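Once you know that position 127 of the sequence shown is 561 in this note's numbering, the rest is easy, because the numbers rise by one and skip nothing.
Report on one structure; see the data block that follows.
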Amino acid sequence: MSSSALGADSALPAHVGIIMDGNGRWARARGKNRLGGHKQGAEVARNVVRWAKELGIRQISLYAFSTENWERPKLEVRGLMSLLAILLPKTLPEMMQNEVRFRILGDLSPLPDSARKAVDLACKNTENNTGIDLILCLNYGGQQEIVAAVRQTLQWLQSQPDQQQSLSDLNPEQFRKLMWRHDMAPVDLLIRTGGEMRISNFHLWDAAYAELYFSDVFWPDFSQQDLQLALDEYARRERRYGLTSEQVEA
Ligand code: FPP
Numbered sequence: 435m436s437s438s439a440l441g442a443d444s445a446l447p448a449h450v451g452i453i454m455d456g457n458g459r460w461a462r463a464r465g466k467n468r469l470g471g472h473k474q475g476a477e478v479a480r481n482v483v484r485w486a487k488e489l490g491i492r493q494i495s496l497y498a499f500s501t502e503n504w505e506r507p508k509l510e511v512r513g514l515m516s517l518l519a520i521l522l523p524k525t526l527p528e529m530m531q532n533e534v535r536f537r538i539l540g541d542l543s544p545l546p547d548s549a550r551k552a553v554d555l556a557c558k559n560t561e562n563n564t565g566i567d568l569i570l571c572l573n574y575g576g577q578q579e580i581v582a583a584v585r586q587t588l589q590w591l592q593s594q595p596d597q598q599q600s601l602s603d604l605n606p607e608q609f610r611k612l613m614w615r616h617d618m619a620p621v622d623l624l625i626r627t628g629g630e631m632r633i634s635n636f637h638l639w640d641a642a643y644a645e646l647y648f649s650d651v652f653w654p655d656f657s658q659q660d661l662q663l664a665l666d667e668y669a670r671r672e673r674r675y676g677l678t679s680e681q682v683e684a
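Structural data, given as structure tokens:
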């Protein structure tokens, strides 16, 4: 049975995660600098959130800046941070109109003040919106998130009277509660644009059962039709969560 046979709701992913790759190559092909590609990529991100909301997707997470991206050329890093500081306040009216709740996944502490303030403003102003959750992954790394959860687990263990027992009782559900955004749904559909087939430290825990979809399209060219192609493919997949087809059908 395909997921679409389960009805309209299960045919649609609740949480779509996107690795927005290909900005640099898109820019180079047009004789622009890399930041030109990121600017166009930010425009596409705005559109994708609107399309996702119109389709009824509940959560979308966008990998905007990884923990490894700090090692990029300084000019590019500064440019991305400025883009964030400039574009977020500008996009706020549109987020309000589309009832977008803006949230962050990642450690904001090393971000420049201007970027952090823009993020805080967007989070505070949109916190009561219920249309769609936009989770911007900023200075995010899946490995770092897991290590942080392990650190918390060790602290929690120290406070337990029977540490051996608590350790053997620990299960994935409990452990997940220590993740940075554990109120977020697990990723159902993980899209990566730009032709590479990697996860690149994105949602390592929460994409455990995500359907993976790779598109050759560079992110700045990603269209509504490309999103629909990914969703159509998702609706055709059978999600088995380790079971057999026969068990899923039963
Ligand atoms: C990957 O493409 C893209 C990024 C590392 C940044 C994504 C950022 C945006 C879409 C803009 C919105 C985000 C902010 C922070 C305002 P790449 O540069 O690795 O492309 P390439 O593989 O072609 O070089």
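Using N, Cα and C, we set each Cβ at its ideal position, and we do this for glycine too.
A quick note: this is a predicted structure, and the numbers were derived from the prediction, not measured.
Comparing C-alpha positions only, which one of the options sits nearest to residue i?
| i | options | result |
| --- | --- | --- |
| residue 661 | 478, 598 and 539 | 478 |
| residue 538 | 515, 544 and 570 | 570 |
| residue 533 | 544, 656, 591 and 490 | 490 |
| residue 449 | 620, 629 and 628 | 620 |
| residue 671 | 646, 656 and 655 | 646 |
| residue 629 | 476, 653 and 527 | 653 |
| residue 453 | 636, 675 and 555 | 636 |
| residue 563 | 540, 552 and 536 | 536 |
| residue 603 | 587, 614 and 613 | 587 |
| residue 640 | 519, 520, 525 and 618 | 618 |
| residue 511 | 540, 545 and 488 | 545 |
| residue 540 | 492, 606 and 575 | 575 |
| residue 528 | 456, 592 and 482 | 482 |
| residue 525 | 624, 555 and 543 | 555 |
| residue 549 | 531, 573 and 530 | 573 |
Rounded to whole angstroms, what is the Cα-Cα separation between residue i and residue j?
| i | j | result |
| --- | --- | --- |
| residue 565 | residue 484 | 10 Å |
| residue 608 | residue 580 | 13 Å |
| residue 507 | residue 495 | 25 Å |
| residue 597 | residue 584 | 15 Å |
| residue 504 | residue 678 | 43 Å |
| residue 498 | residue 622 | 19 Å |
| residue 611 | residue 642 | 15 Å |
| residue 589 | residue 516 | 37 Å |
| residue 648 | residue 480 | 20 Å |
| residue 644 | residue 667 | 13 Å |
| residue 632 | residue 502 | 15 Å |
| residue 600 | residue 614 | 22 Å |
| residue 665 | residue 559 | 30 Å |
| residue 487 | residue 445 | 15 Å |
| residue 557 | residue 492 | 17 Å |
| residue 616 | residue 682 | 26 Å |
| residue 518 | residue 578 | 22 Å |
| residue 435 | residue 568 | In this predicted model, residue 435 has a pLDDT of only 36, less than 50, meaning its place in the structure is not dependable enough to derive any value. |
| residue 463 | residue 456 | 11 Å |
| residue 475 | residue 680 | 42 Å |
| residue 657 | residue 592 | 50 Å |
| residue 684 | residue 451 | 29 Å |
| residue 651 | residue 595 | 54 Å |
From which residue to which residue does the beta strand (DSSP E) around residue i run?
| i | result |
| --- | --- |
| residue 536 | 534-539 |
| residue 451 | 449-453 |
If you follow the alpha helix (DSSP H) that residue i is part of, which residue opens it and which one closes it?
| i | result |
| --- | --- |
| residue 602 | 597-603 |
| residue 493 | No alpha helix (DSSP H) contains residue 493, which is instead part of the beta strand (DSSP E) from 493-500. |
| residue 585 | 576-592 |
| residue 642 | From DSSP, residue 642 is part of no alpha helix (DSSP H); its letter is neither H nor E. |
| residue 556 | 547-560 |
| residue 463 | 457-463 |
| residue 665 | 658-670 |
| residue 606 | 606-610 |
| residue 683 | 679-683 |
Return no unless some Cβ of chain B is closer than 8 Å to the Cβ of residue i.
| i | result |
| --- | --- |
| residue 552 | You won't find chain B in this structure, because it holds only one protein chain. |
Can you check DSSP and say which residues form a bridge with residue i?
| i | result |
| --- | --- |
| residue 637 | Answer is none; residue 637 lacks a bridge partner. |
| residue 647 | 625 |
| residue 421 | In this structure the chain extends from 435 to 684, so residue 421 is not present and cannot be described. |
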